[in-house]
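*Asks:* Going by full-length UniProt numbering, the first residue of the sequence shown is number 1, and it counts up by one from there.
Glycine is no exception: its CB is placed at the ideal position from the N, C-alpha and C atoms.
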Amino acid sequence: MSDFLVALLDLTVGTRPNLEFSGYFLFAGDKDVIHIFANQQPDVSNQLSQNEQPQNIVHHVSFFSDDYQDVMARIAKLGLRYSINEVPGSLIKQIFVRGPEGLIIEIQALPND
């Protein structure tokens, strides 16, 4: 998943704290924006109330780009299937792709014209 997100979103793998489990912190510039943990992530159920226990974790995540052509070039290079919606009353295009583990990635982008 980390390789996919790095290639699609033009992120970099950055340093992360020395934690007891494996994972990656992905950065956009100097800001960590995505934390990925392996299956042996720590159990946080003791830190959550019964009602807060996660069910369906995430449907999709959304990012913004000011370079539509660059986004589409990366999608083409990766050979990904995608769908595009236009936001009514806006120039923004919503590009949806599905990651290797089923997570949907939305990239909102403005045309370069």
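Buried or exposed for Pro-54, please, with buried defined as at least 16 other CB atoms from any protein chain shown within 10 angstroms of its CB.
*Replies:* The sequence position of residue 54 within the sequence shown is 54, counting from 1. Bear in mind that a pLDDT of 49 at Pro-54, under 50, signals an unreliable position, so the number given afterwards is only what the model happens to contain. Exposed: under 16 other Cβ atoms inside 10 Å.
*Asks:* Taking only runs of the beta strand (DSSP E) that begin and end inside the segment 69-109, which ones reach a length of at least 3 residues, in chain order?
*Replies:* Those beta strand (DSSP E) runs which fall completely within the segment 69-109 and span 3+ residues are 83-86, 93-98 and 104-109.
*Asks:* Please classify Val-71 as buried or exposed, where buried requires at least 16 neighbouring CB atoms within 10 angstroms.
*Replies:* As a first step, residue 71 must be located in the sequence shown, where it is residue number 71. Buried, since its Cβ has 16 or more Cβ neighbours within 10 Å.
*Asks:* How far does the alpha helix (DSSP H) with Leu-9 in it reach, from first residue to last?
*Replies:* Numbered from its first residue, the sequence shown carries residue 9 at position 9. Taken as a continuous stretch (DSSP letters only), the alpha helix (DSSP H) holding Leu-9 covers 2-9.
*Asks:* If you drop the 5 nearest sequence neighbours on each side, which residues of the same chain put their C-beta closer than 6 Å to that of Tyr-24?
*Replies:* On the sequence shown, position 24 is the one that residue 24 refers to. Same-chain partners within the cutoff: Ser-2, Val-13 and Ile-36.
*Asks:* From the DSSP secondary-structure annotation, give me the bridge partner or partners of Thr-12.
*Replies:* Counting from 1 along the sequence shown, the entry for residue 12 is found at position 12. Phe-27.
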